[in-house]
Amino acid sequence: MSIEKIIHFVQSSNYEQMHSSGAKVQFLRQAIGEYQSSLGLQRLEWTEQNVVGKFIATKEYDLKNQQLFDLFDNHGVLSKVVRIKLNNLNESEKLSLQEFYTASNQYLRFSPIRANSGHREEELCAYRKNITKNNIYWLLDQWKHYKRIYSSFVEQWESIRNLVFKEMLRKSQHKVTLPIGRLSVVIPNPYIDSDAAYRLGGKNLIQRIGKIDMEQVKLYAARRYFSLSQVYELLNVQNIQTKYLLLTLTSERNMMEGLVQQNNRYSWINIQSEAAWKE
C-alpha cells in the first residue's frame, strides 16, 4: 500500500533529513545574499560554480482601483479578468450562485508527530553559526550540495504523497491517522463562475468580491481588448518588496527561456487577434 511508503519515508529519517537540508539551503541562501548585498551588486555570477545570485524588486499593486474595474467593464471583459472565491460572498449570494461553484484542486496535508525536534534545532543552530566562519566559495559549494539533497528528498516525498493522495480519493478517505502523524485531504474554498456573478450583480458585485487576475489581464490585452499601458497607468503601487534569488545558471537560463516563450505566446495571440479584428 502507498501509505506504507509514507510511513517508511518518515520512520527512515528521510522526512527529517528533507526538512533539515531545506533549512540549511535557506541559511546558506541568506548568507550568500548578505555577502552580495555588501558588494552592492544586483546580479552576481559565480561562473565556475555555475551559480548566480540576483535581487529582484516585486511591485504590489492596488487592484481594487475603481478606474481599473471601469476600464475592464467598458471593454466588456470584467468578468473574464477576475476570480471569485466562495467565502467572499454573503449568504444570499451563496444561495443564488450555488449551482455555479467550480471546485478548487484538492491536496494532501501531512501533519507529523514531532519527535526529537530539539535535537534537530540544536544541529541547525550549530550549522548556522558555522556558516559565519567560512568564505563565499564554501557557502556556494554547501548550497549546491544541500540543494541537491533537498531536491532529491522533495521529489521522493511528492511522488509518495501523490500516490497516497490518489489512493485516499479512490477509497473516499479524507483523514487517516498513522503512528507518524495524520493525513488529511484538504478541499480549498471553491471558485464561483464570474460570468454568473456578473449577471447577478453587475460591476458593483464583481468589484466587491472579485480579485483581478493579472495573467488574464495580459491575455485580454494580447487579444487587443485594451492595452497594457492603459492598465499600468491606472495601477497604484502599494508596496515594493525585494526578493533574493539564488539559482544555477542553467535554471536561470531555463527561467528566461520560459519568459520568452510566454511573451511569444502573447505576441502570437496579438497577431491572430489583429487579423480577426480586421475581418
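Numbering (the working numbering), first residue to last: -9 to 269.
The C-beta atom is built at its ideal place from N, Cα and C for all residues, glycine as well.
- Under the DSSP assignment, E38 falls outside any beta strand (DSSP E); it carries neither an H nor an E label.
- By the 16-neighbour rule on beta-carbons within 10 angstroms, K137 is buried.
- Look at D52 here: in three-state DSSP terms it is strand.
- For L29, the uninterrupted alpha helix (DSSP H) segment begins and ends at N4 to L29.
- The beta carbon of L195 sits closer than 7 Å to those of A187, all from its chain and outside the five residues before and after it, given in chain order.
- Listed in chain order, the non-local C-beta contacts of Y181 below 7 Å within the same chain comprise R73, I74, K75, T92 and S94, local neighbours out to five positions each way being set aside.
- Put simply, of C115, L168, P169 and Q39 the residue whose alpha carbon is nearest the alpha carbon of L130 is Q39.
- With fewer than three CB-CB distances shorter than 8 Å, the region 249 to 258 does not count as touching the region 46 to 63.
- Under DSSP, F45 takes part in a beta bridge, and its partners are Y234.
- Cβ neighbours of E113 within its own chain (closer than 8 Å, five residues either side excluded): S10.
- Taking C-beta atoms under 8 Å as the contact rule, L18 and W133 qualify, at a distance of about 4 Å.
- By the Cβ criterion, the region 30 to 39 is not in contact with the region 141 to 151, since fewer than three pairs of Cβ atoms, one from each stretch, lie closer than 8 Å.
- The beta-bridge partner set that DSSP reports for R172 consists of S101 and T167.
- By the Cβ-count criterion, Q88 is exposed, with fewer than 16 other Cβ atoms from all chains shown falling within 10 Å of its own Cβ.
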